[in-house]
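In terms of this note's numbering, the sequence shown opens at residue 1141 and continues consecutively.
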Amino acid sequence: MKLCSACLLGLECRYDGKSNLEKASEIILQEFKSGNIIPVCPEQLGGLPTPRAPSEIQGGMSGEYVIDGKCKVRSKNGEDVTSQFIKGAYEVLKIAKALGITEYIGAQRSPSCGCGKKYDGTFTATLVNGDGVTVALLKRNGVSVKIV
Ligand code: SF4
């Protein structure tokens, strides 16, 4: 069993109310249909509405710094959404632990589900190295993360 970013599986939980279904591989969709994948959206689990303003981790930092209280996540309209991002990450970790799941399939560049690359916090589509908040927390707790 694996966890996967819900937007990749066709759920319309993205900030703009759309999905990322076109980015999912056929293998993942087949696994989902076979019942081997559980979809999660950390931003919704953290209490954010859909649609919502897009958010980015500030200061070019990675998700670990958010978890450790060293930087914030802000929406494009300036709202501090750090607590919702952290809550969503811990809710996903709760599911992983409850079910003994050790694999997560994330979505590219997301401030929650991204792995390896993310936007720098300036809302200028500038990429920097780093993980999203949920991915950082999962990795810290021994969950391996793949990006499609
Ligand atoms: S938080 Fe993750 S699952 Fe939710 S819309 Fe963003 S990338 Fe998709």
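C-beta: ideal position from N, C-alpha, C; glycine also.
Alpha-carbon to alpha-carbon, residue j and residue i
i: I1197; j: G1187; result: 17 Å
i: G1261; j: S1174; result: 38 Å
i: N1269; j: L1233; result: 23 Å
i: R1134; j: R1249; result: With the chain running from 1141 to 1288 in the structure shown, residue 1134 is simply not present.
i: G1199; j: A1265; result: 14 Å
i: D1220; j: G1209; result: 13 Å
i: T1190; j: C1147; result: 12 Å
heavy atom of the ligand SF4 below 8 Å from residue i C-beta
i: Y1259; result: no
i: L1148; result: yes
Residues near residue i in its chain [Cβ-Cβ closer than 8 Å; skip 5 each side]
i: I1241; result: M1141, K1142, L1143, I1178, I1235 and V1283
Limits of the unbroken beta strand (DSSP E) element including residue i
i: Y1244; result: E1243 to G1246
i: S1195; result: S1195 to I1197
i: L1188; result: It is not in any beta strand (DSSP E) - L1188 carries neither H nor E in the DSSP assignment.
Backbone secondary structure at residue i - three-state DSSP
i: C1181; result: coil
i: L1273; result: First, the amino acid is wrong: residue 1273 is Val here, not Leu. Here V1273 sits in helix by DSSP.
i: Y1205; result: helix
Any non-hydrogen atom of the ligand ADP within 8 Å of residue i CB
i: V1180; result: Because the ligand ADP does not appear in the structure shown, any question about it cannot be addressed here, the ligands present being the ligand SF4.
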